[in-house]
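Structure, as structure tokens:
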Amino acid sequence: MIKKIEDYIPIVGQSAVDDVRLIAEKLKGKVIQNVNSTKNGGGVAEILNNMTPLLQGLGVDARWDVIQGEEHFFSVTKKFHNVLHGRPDEVTQRDFDIFMETSEKNVRAIDITGDIVFVHDPQPIALINKKQNNKWIWRCHIDVSHPHQRVWNFLMDFIVRYDSAVFSAPGFSFKLPIRQFLISPSIDPLSDKNKELSSDEIDAVMYKYGISRKKPIITQISRFDRLKDPLGVIEMYQLVKKYVDCQLILAGGGASDDPEGMEVFAEVKEKAKKDPDIHILLLPQDDITINALQRASTIIVQKSLKEGFGLTVAEGLWKKKPVVASHVGGIPLQITHKHSGMLCYSIQGAAYSVKQLLNSPAYAKRLGENGHEHIKNNFLITRHIKDYILLFLSLFHAGDIVYL
Amino acid sequence: MNTRITAPEEFIFCTRLHLSELTGLRASTLNQLLHLLQKVPGSSIYHHTHRFLQQHQYLSPEPPNDFAFWVTEILGEGELGEQLASIDTIQFSNIRALRECIIETIEQHIKAHQFAQLKFAKEGEEFHFIKSVSFVIPTAYKASTLEDFSAILKKITVDSIYFHVFESRLRLEKKTNDFSFWLETSLHEKNLADEIARLDPYNQTLEDLRMNIIGIIERGSGTNND
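Here the protein sequences line up with chains F and S, keeping their order. Quick note, in my numbering, the first sequence goes up one by one and the last residue is 439. Quick note, in my numbering, the second sequence goes up one by one and the last residue is 235.
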């Protein structure tokens, strides 16, 4: 069922929706063309899947195109992704050549129809070669606080030709010759992943995967990606398990632009050995299952080593769950330590917080409730749509105070 | 008081939506913070002294400004943090004066506590300067009488209240908030205008502020529609 902006009124209020409608009017006649590298898997595709129809429902001509690439192209972009996040790897001239060969094919193939072209992440960044008199925005969804310099310099040659750039956290920004904006991603409270579920629906999922609810459940929902540190999560669980009898769920799917996932999944299986209280679930795209697993959990963990934003934190908090997460990327924007969740820097720190929360359910409940309020005020899709519309309008208005 | 008297000029409720623009400037020490405070645009000072009002509505009263939060939580300078948090923002009629007060507060602290300069934020916890870009949009709500005015106040967004109370006065450098100005000049309700102007809006949530303004008008006009 296609959602409409009015459906959000019971959650965010009539007036917030009125504001969005008011500014959407100002975009009449403009075509917004989103371009990314995958329709399924990962946070970017999820946001575009939710947001594009909502924008269209507001009368904004929003479109969404995807670039094409072979596996060797996505292996290179995955390598870029990893080294931009600070993971050591060797980047060769051949990698840049592969990137440019596919990019040039995409430049030739793609039909640019937007008055505003909104390019997401590094994979399609070279499409800027097709810029004419329209406006172009580059949206960086990843943590580039300590980027690989050679790759970053390579990307910078493209970035500076955009009209504006968008980052998810202040720490990702550097001095740039173009305008740059801070826009956090969001969750959709009405999506299958976040909507309310009945106890029966939750129980059915737990039954299907053979997970008892008699012991506390610690859960990390993430793609099987080394930057999400699933092995570290198992070590954290093992430290907690010495003192509190609990279970661990590691669940996630894959993304079509991430060829490394199966390798990491195998490493995780190996590390978990035969512990019957560790549940490792490689899920197809199944948002209801993810939703149920989060709702059945006692504590949500996101122990990423790097994180563009970490939407699973917002998902957990929205469900009023206490969340323990790494102090990386956009996570500190979502969690104020000891107020709306717990931030950690290490496996030991995460284990300490998880133990503390398992032993203090009243405190854990309060963190979850505060977190829910924070997400409601700042990280729902309605705020995100509002920010994007303002971003598009900013392309046509200079200055710090704009009268529309 | 006749709540149906019609003002010669309507009050047009505007809303203000904002977008955060990154400057790429960051500070790791008090000296760097001081240096950048002197050169960043006024819209950045405005952002860091007002962001909490909108983003953490549920945490108020007394939301800290970003400078106070950072020097306390990251640099461990609690005394300076308290001084910065207690700057009486309502007394300033423009950003320039507010900026000078923040700078002077930090300078005096450094003079008195030389070692404070040696503290630095670890990687990832630097102070990032951000600007606020405001989009001001007239809404469909217009009031000509006190009765209409009060009724509309109950349903407009907190963003609209925010604009007319905070932004209009400090950022657009008007002498008072828009509500008081209109009540006094168009409806000649000086007492109501003064009472609203005396509220310290920095010390309450936006929803509490809305209720307090409505309360003042309803008490003053002898009506209570609830």
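Using N, Cα and C, we set each Cβ at its ideal position, and we do this for glycine too.
Tell me the rounded alpha-carbon separation between residue i and residue j.
i                      : j                      : result
residue 102 of chain F : residue 75 of chain F  : 13 angstroms
residue 148 of chain F : residue 104 of chain F : 21 angstroms
residue 178 of chain S : residue 172 of chain S : 9 angstroms
residue 53 of chain F  : residue 206 of chain S : 28 angstroms
residue 247 of chain F : residue 311 of chain F : 11 angstroms
residue 32 of chain S  : residue 219 of chain S : 33 angstroms
residue 37 of chain S  : residue 68 of chain F  : 39 angstroms
residue 106 of chain S : residue 170 of chain F : 37 angstroms
residue 344 of chain F : residue 350 of chain F : 12 angstroms
residue 174 of chain S : residue 240 of chain F : 50 angstroms
residue 60 of chain F  : residue 115 of chain S : 45 angstroms
residue 189 of chain S : residue 202 of chain S : 4 angstroms
residue 168 of chain F : residue 430 of chain F : 12 angstroms
residue 416 of chain F : residue 99 of chain F  : 17 angstroms
residue 114 of chain F : residue 176 of chain S : 46 angstroms
residue 142 of chain S : residue 217 of chain F : 11 angstroms
residue 388 of chain F : residue 321 of chain F : 29 angstroms
residue 401 of chain F : residue 112 of chain F : 41 angstroms
residue 193 of chain F : residue 181 of chain S : 37 angstroms
For residue i, go through chain S and note every residue whose CB falls closer than 7 angstroms to its CB, in chain order.
i                      : result
residue 186 of chain F : What residue 186 of chain F touches in chain S: nothing, since even the nearest Cβ is about 19 angstroms away.
residue 3 of chain F   : Nothing in the structure corresponds to residue 3 of chain F, since chain F is present only between 36 and 439.
residue 43 of chain F  : Result: empty, since nearest Cβ-Cβ is about 14 angstroms, beyond 7 angstroms.
residue 197 of chain F : Chain S residues near residue 197 of chain F: none, gap ~14 angstroms exceeds 7 angstroms.
residue 438 of chain F : 145
residue 202 of chain F : 31
residue 425 of chain F : 26, 28, 144
Is residue i helix, strand or coil when you go by DSSP?
i                      : result
residue 176 of chain S : helix
residue 141 of chain S : strand
residue 69 of chain S  : Caution is warranted here: a pLDDT of 45 is assigned to residue 69 of chain S, below 50, making its placement in the model unreliable, and the coordinate value is therefore given only provisionally. Residue 69 of chain S: coil per DSSP, three-state reduction.
residue 155 of chain F : strand
residue 151 of chain S : strand
residue 287 of chain F : strand
residue 209 of chain F : coil
residue 430 of chain F : coil
residue 224 of chain S : helix
residue 201 of chain F : strand
residue 415 of chain F : strand
residue 30 of chain S  : strand
residue 59 of chain F  : helix
residue 219 of chain S : helix
residue 23 of chain S  : strand
residue 137 of chain F : helix
residue 51 of chain F  : helix
residue 282 of chain F : strand
residue 33 of chain F  : Given a span of 36 to 439 for chain F in the structure shown, any question on residue 33 of chain F remains unanswerable.
residue 174 of chain F : strand
Given that residue i touches chain F, what residues does it touch there, using C-beta distances under 8 angstroms?
i                      : result
residue 137 of chain S : 205, 206, 208
residue 33 of chain S  : 208, 209, 210, 211, 215
residue 148 of chain S : 53, 57
residue 165 of chain S : 50
Whose Cβ in chain S lies nearer than 8 angstroms to the Cβ of residue i?
i                      : result
residue 428 of chain F : 144
residue 415 of chain F : Correct list: empty, because the minimum Cβ distance to chain S is about 13 angstroms.
residue 193 of chain F : The contacting residues do not exist; residue 193 of chain F stays about 18 angstroms from chain S at best.
Check the Cβ of residue i against every Cβ in chain F and list those closer than 7 angstroms, keeping chain order.
i                      : result
residue 140 of chain S : 435
residue 168 of chain S : 54
residue 29 of chain S  : 216, 217
For a contact defined as C-beta to C-beta under 9 angstroms, what are the partners of residue i on chain F?
i                     : result
residue 50 of chain S : 435
residue 91 of chain S : Neighbours of residue 91 of chain S on chain F: none; closest Cβ ~19 angstroms, over 9 angstroms.
At 9 angstroms on the CB atoms, spell out the chain S contacts of residue i, in chain order.
i                      : result
residue 362 of chain F : 133, 134
residue 180 of chain F : 132, 133
I want to check one thing, is the minimum distance from the CB of residue i to the heavy atoms of the ligand NAD below 7 angstroms?
i                      : result
residue 413 of chain F : Looking for the ligand NAD in the displayed structure turns up nothing, as the structure carries no ligands at all.
Whole beta strand (DSSP E) runs in the region 66–127 of chain F with 3 or more residues, listed along the chain? Qualifying beta strand (DSSP E) stretches, in chain order: 66–71, 96–101.
Suppose only complete runs of 3+ residues qualify. What are the beta strand (DSSP E) ranges in the region 374–407 of chain F, listed by chain order? Those beta strand (DSSP E) runs which fall completely within the region 374–407 of chain F and span 3+ residues are 377–379.
For a minimum of 4 consecutive residues, which ranges assigned as the alpha helix (DSSP H) are wholly contained in the region 188–213 of chain S? Within the region 188–213 of chain S, the complete alpha helix (DSSP H) runs of at least 4 residues are 199–207.
Is the region 93–106 of chain S in contact with the region 413–429 of chain F, if contact means three or more CB pairs nearer than 8 angstroms? No: fewer than three Cβ pairs fall under 8 angstroms.
Segments of 4+ residues assigned as alpha helix (DSSP H) that fall wholly inside the region 300–377 of chain F: Here the runs fully enclosed are 322–331, 346–353, 366–369.
Okay, do the region 222–235 of chain F and the region 15–23 of chain S touch, 3+ Cβ pairs below 8 angstroms being the bar? Touching, no.
Would you check if the region 195–211 of chain F and the region 359–369 of chain F touch, i.e. whether three or more CB-CB distances between them fall below 8 angstroms? They touch, by the three-pair rule.
For the region 277–290 of chain F against the region 315–332 of chain F, are there 3 or more C-beta pairs whose distance is under 8 angstroms? Contact holds: three or more Cβ-Cβ distances are below 8 angstroms.
Do the region 123–132 of chain S and the region 191–211 of chain S meet, that is, are 3 or more Cβ pairs less than 8 angstroms apart? No, the region 123–132 of chain S is not in contact with the region 191–211 of chain S.
Counting Cβ pairs, one atom from each stretch, are 3 or more of them under 8 angstroms apart for the region 292–308 of chain F and the region 257–272 of chain F? Per the Cβ contact rule, the region 292–308 of chain F is in contact with the region 257–272 of chain F (3 or more Cβ pairs under 8 angstroms).
Segments assigned beta strand (DSSP E), at least 3 residues, entirely inside the region 218–270 of chain F: Look at the region 218–270 of chain F and you find these whole runs of beta strand (DSSP E), each 3 residues long or longer: 252–256.
How about the region 154–161 of chain F and the region 127–143 of chain F: do they share at least three Cβ pairs that are nearer than 8 angstroms? The region 154–161 of chain F is in contact with the region 127–143 of chain F.
Is it a yes or a no for the region 86–93 of chain F touching the region 182–193 of chain F, going by three-plus beta-carbon pairs under 8 angstroms? Flag = no, the region 86–93 of chain F and the region 182–193 of chain F do not touch.
So does the region 193–201 of chain S actually touch the region 41–49 of chain S, counting three or more Cβ pairs closer than 8 angstroms? The answer is no - the region 41–49 of chain S does not touch the region 193–201 of chain S, with fewer than three Cβ pairs under 8 angstroms.
Taking only runs that begin and end inside the region 37–105 of chain S, name each unbroken alpha helix (DSSP H) of 4 or more residues, in chain order. If we require 4 residues or more, the alpha helix (DSSP H) runs fully inside the region 37–105 of chain S come out as 39–48, 51–64, 75–82, 87–94.
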